[in-house]
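Residues 209 to 611 (the working numbering) are what the sequence shown spells out, left to right.
Yeah, the Cβ is synthetic: ideal placement off N, Cα and C, and Gly gets one too.
Report on one structure; see the data block that follows.
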Amino acid sequence: MLEGEIPSSIGNLSMNLQYIFMDFNNIAGKIPEDIENLVNLKMLILSGNHLEGTIPSSLGKLRRLNELFLGMNKLSGLIPSTIGNLTNLSVLNLYGNTLNGTIPSSLIGCPLQSLDLSQNNLIGTVQKELFLISTLSNYMYIQNNFLTGTLPVELGNLKNLGTLDFSSNKISGEIPVSLGACQTLQYLNASNNNIEGTIPLSVEQMKGLLVIDLSYNNLSGEIPEFLANMRCLSDLNISFNNFKGQVPEDGIFSNASSVTIEGNKGLCGGIPQLKLPTCSNHTTRKSSLSIIIAISVGSACLFGIFVLSIAFHCNKKTKTNLRTSTIGENRARVSYAELVHAIDNFYSGNLIGVGSFGSVFKGKIMINELQVTVAVKVLNLLQSGASQSFFCRMSDFERCSTS
């Protein structure tokens, strides 16, 4: 319950002083600049007080400082870039102040293992240098600020990090594919941002993930099946996004208490406890595929009938119109390949008409050693009644033979 201010005379203490613990008292005022004289200081812990003003840039002279805790105070202003001079600093905790400005890129000069800049008023983009601190292994907390922009691909350099929390900012863009390189990450919180796109497939490589929170973003697409195969995953929150499609039923999705998915209007299926609608779309896709196959097969059959019908019906009626000799009354057999060749593989220049039931092409074909001009009608089987319209009309054939 100590009160008052830290006197400037603290800088007159022994230069051999290595540890100052004054956390969780009622100490107010500013951090004195003279603290820079304590050059052998290894730990400075002033958290949980009422300190105000700015962080003195002179702290950058404490080259042997290993841990700096200034969280839960009323400190304001910028994070001094001189902190980057602390080449032995492994823990930096500035949580719960009113610090503003950007995160200084100079922090790359610190061999940080733990970083907490959360619950401040920091702005600007997340500097790529922050993700180039390869020593980060415990946590990076930068949540509850006003950070903007997209996450840099350098995110994948945090290969040894255990916890990453950048929730409650204004970060946009997609989740970098490089995230999958963070093999030791156990806790990922990206909630309450403006992230869009899909969950990258590279996340499947993160075998150690225990908790994923992607809620309150603009993510879309289907829920990746690989999430059900991540054995360590115990808590998944993807609520209030734009996910759609069928929810898996295996792995973590078999336990409704471990998955939070509300606020995604396009989801269906899953275990009954999730109370989602039945995936009618899944059945519809299968039915649609069956219909497409049926139409394709039917088209081939009808086309064969159509070819034979042309030869039979048209040959009878065109003896006087043809410039070549009479074909005869016998039916002629014309292969599909011959017919396609005759109309030059459905060349648009051979198109002589388009109707509600299909298109009509003209062409020339050899039948019984005679060159015959034919009209070939390609049916639109999606149009009702098209299959009944394959008989050759004399008017169509006459236009074809005279053109």
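Practice task
Could you spell out the range, first to last residue, of the beta strand (DSSP E) harbouring V419?
Solution key: V419 to D421
Handout entry: For V586 and L396, the rounded distance between their alpha carbons
Key = 57 Å
Problem - Where S465 falls, given that 16 or more other Cβ within 10 Å makes a residue buried - result: exposed
Practice task
Take I501 and list the residues in its own chain whose beta-carbon comes closer than 6 Å to its own, dropping the five residues that flank it on each side.
Solution key: At I501, the pLDDT of 44 sits below 50, so the modelled position is not reliable; the number obtained from the coordinates is stated separately. There are no such residues.
Problem - Under the three-state DSSP convention, the category N397 falls into - result: strand
Handout entry: Beta-carbon gap between C390 and L355 smaller than 8 Å
Key = no
Problem - Start-end ranges of the beta strand (DSSP E) lying completely within the segment 360-412, minimum 3 residues - result: 371-373, 380-382, 395-397 and 402-405
Handout entry: T486 burial status per 10 Å Cβ neighbour count (16 or more: buried)
Key = exposed
Practice task
Give the straight-line distance between the Cα atoms of P312 and N472, rounded to the nearest whole angstrom.
Solution key: 37 Å
Handout entry: Contact check, I426 vs N400, beta carbons under 8 Å
Key = In the sequence on display, residue 426 carries Asn and not Ile. No.
Practice task
State the Cα-Cα distance for the pair G292 and N274, rounded to the nearest angstrom.
Solution key: Approximately 12 Å, taken between the alpha carbons.
Problem - Cβ shell of E470 (< 8 Å), same chain only, five flanking positions each side left out - result: S447 and F448
Exercise for the section: Return helix, strand or coil for G317, following the three-state DSSP convention. Expected result: When secondary structure is reduced to three states using DSSP, G317 falls in the helix class.
Exercise for the section: Could you spell out where the beta strand (DSSP E) holding Q335 opens and where it closes? Expected result: Where Q335 is concerned, there is no enclosing beta strand (DSSP E), given that its DSSP letter is neither H nor E.
Handout entry: Within 8 Å, strictly: CB atoms of T310 and G279
Key = no
Handout entry: Three-way DSSP call (helix, strand, coil) for D231 in this model
Key = coil
Practice task
To the nearest angstrom, report how far apart L359 and Q335 are at their CA atoms.
Solution key: 9 Å
Handout entry: Rounded C-alpha distance that separates L418 from D458
Key = Cα-Cα distance, rounded: 16 Å.
Handout entry: Rounded C-alpha distance that separates T262 from N463
Key = Taking the straight line from one Cα to the other gives about 48 Å.
Exercise for the section: Quick one: residues in its chain with C-beta nearer than 8 Å to the C-beta of N352, no 5 flanking neighbours on either side, listed in chain order? Expected result: S326, Q327, N328, S375, S376 and N377
Problem - Residues near G237 by beta carbon distance below 6 Å, same chain, minus five either side - result: E213
Practice task
Tell whether a beta-carbon distance below 8 Å holds between I228 and L252.
Solution key: yes
Problem - Exposure label - V247; buried when at least 16 CB within 10 Å - result: Around the beta carbon of V247, a 10 Å sphere encloses fewer than 16 other beta carbons of the protein chains shown; the residue is thus reported as exposed.
Practice task
Quickly, what does DSSP pair E275 with across the bridge? List them, please.
Solution key: M251 and V299
Handout entry: Local Cβ density within 10 Å of N224, reported as buried at 16 or more and exposed below that
Key = exposed
Problem - Where N281 sits in the DSSP three-state scheme - result: coil
Practice task
Report the rounded CA-to-CA distance for Q394 versus L221, giving the unit in angstroms.
Solution key: Looking at the backbone, the Cα of Q394 and that of L221 are separated by about 43 Å.
Practice task
Give the C-beta separation of S322 and S298 to the nearest angstrom, bearing in mind that I take them to be a contact with Cβ-Cβ under 8 Å.
Solution key: 7 Å
Practice task
Go through its chain and collect everything with a Cβ distance to K452's Cβ below 6 Å, but skip five positions before and after it.
Solution key: G474
Practice task
Assign R493 to one of three DSSP states: helix, strand, or coil.
Solution key: Note that R493 scores 46 on pLDDT, short of 50, meaning its location in the model is unreliable and no value can be drawn from it.
Problem - Close-in-space but distant-in-sequence residues of the same chain around M414 (CB under 7 Å, 5 per side omitted) - result: G388, C390, Q391 and L393
Practice task
Note down the Cα distance separating I479 from F461, rounded to an integer number of angstroms.
Solution key: 8 Å
Exercise for the section: Give the DSSP-derived three-state secondary structure of T310 in the structure shown. Expected result: coil
Practice task
Identify whether G268 lies in helix, strand or coil by the three-state DSSP scheme.
Solution key: helix
Problem - Outcome for T581 when other beta-carbon atoms lying within 10 angstroms are tallied against a minimum of 16 - result: Per the 10 Å Cβ criterion, buried.
Practice task
Give me the Cα-Cα distance between E244 and L254, rounded to the nearest whole angstrom.
Solution key: 15 Å
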